[in-house]
Amino acid sequence: MTNKTILKFGPVEHAEAGDLPGWIAVEGQPTMQTAVQHTTADGKVISGTWRASPGTYHATYTDYEFVHMIAGRIIITPDGGTPVEVGPGDAFVVEADFKGTWKIIEPVTKHFVVRVG
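Okay, structure coming up:
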């Protein structure tokens with residue numbers, strides 16, 4: 289019998305390469321890969337795995353995101369705000385109105401949950 293109420297993520301086999309909408313490389317030549325591993329039936333919540341290489345992006349968010357860092361190190365700085373450094377094991381939230389930089393210091397792997405809209 290298949291369990292339909294619990295979905296365990298397996299290894300990421302297929303990830304979309306390319307920058308996310310609202311993300312612009314501003315330093316270095318960072319790259320990212322996004323694997324959406326689950327979407328709710330109503331399409332309002334997506335979750336999966338994101339990977340990125342060192343460099344800096346300026347990001348403009350339109351959706352709420354919960355993040356659990358698996359590997360790597362990032363310094364996230366809201367425009368006009370105070371930098372926050374996150375690394376393996378850290379969990380944090382980015383609100384839908386965030387604008388600022390993500391400076392990827394070490395290659396990153398993170399799990400994410402995004403509430404769309």
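Heads up: the sequence shown begins at 289 in our numbering, then just goes up one per residue.
Ideal Cβ positions, reconstructed from N, Cα and C, are used throughout, including at glycine.
Measure the Cβ-Cβ separation of P371 and G360 and say whether it is below 9 Å.
No, the Cβ-Cβ distance between P371 and G360 is not below 9 Å.
Can you give me the C-alpha to C-alpha distance between I392 and G298, rounded to a whole angstrom?
Whole-angstrom Cα-Cα distance: 25 Å.
Please classify K398 as buried or exposed, where buried requires at least 16 neighbouring CB atoms within 10 angstroms.
Label assigned to K398: buried.
Can you check whether the CB of P318 is closer than 9 Å to the CB of A343?
With the sequence shown as reference, residue 343 is identified as Gly, and Ala is not the correct amino acid for it. Against a cut-off of 9 Å, the Cβ pair of P318 and G343 comes out as a contact.
Taking 9 Å as the threshold (C-beta atoms), are W390 and A329 in contact?
Not in contact: A329 and W390 (Cβ atoms no closer than 9 Å).
Let me know if I364 comes out buried or exposed under the rule of 16 or more other beta-carbons within 10 Å of its beta-carbon.
Its Cβ being crowded by 16 or more others within 10 Å, I364 is buried.
Looking at the secondary structure, which residues open and close the beta strand (DSSP E) in which T389 lies?
Counting along the chain, the beta strand (DSSP E) containing T389 begins and ends at 387–403.
If distances are taken between C-alpha atoms only, which option among Q321, V314, P309 comes closest to A303?
Checked all of Q321, V314, P309; the closest Cα to A303 is Q321.
Please report how far the alpha carbon of G331 lies from the alpha carbon of I312, in whole angstroms.
Using only the alpha carbons, I get a separation of about 25 Å.
As an exercise, report each continuous beta strand (DSSP E) stretch of at least 3 residues that is fully enclosed by the stretch 341–372, in chain order.
DSSP runs (the beta strand (DSSP E)) wholly in the stretch 341–372: 343–348, 352–366.
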